[in-house]
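In the numbering used here, the protein residues as written are 648 to 726.
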């Protein structure tokens, strides 16, 4: 008693075409994935700077320009 219908356990050709991605969709998913990776790296970097802010600064910047300051100026009082 073969009725000529496809058994429900096997997907038909139309179902296979409906679930495949177009080139535009694949490109969009790849671009969004790259953006998420970059966002994750930036979040990690920001948290590392927040946890230890002075390790990312070079120490030579703290002493630049002190030699040329005169006594009695506001900048001299800060050093």
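Where a beta carbon is used, it is the ideal one built from N, C-alpha and C, also for glycine.
Excluding the 5 residues flanking it on each side, residue 703 has same chain C-beta neighbours closer than 7 Å at 696, in chain order.
In the structure shown, the three-state DSSP call for residue 670 is helix. Cα atoms of residue 668 and residue 685: separation of roughly 24 Å, rounded to the nearest angstrom.
Rounded to the nearest angstrom, the gap between the Cα atoms of residue 680 and residue 701 is 32 Å.
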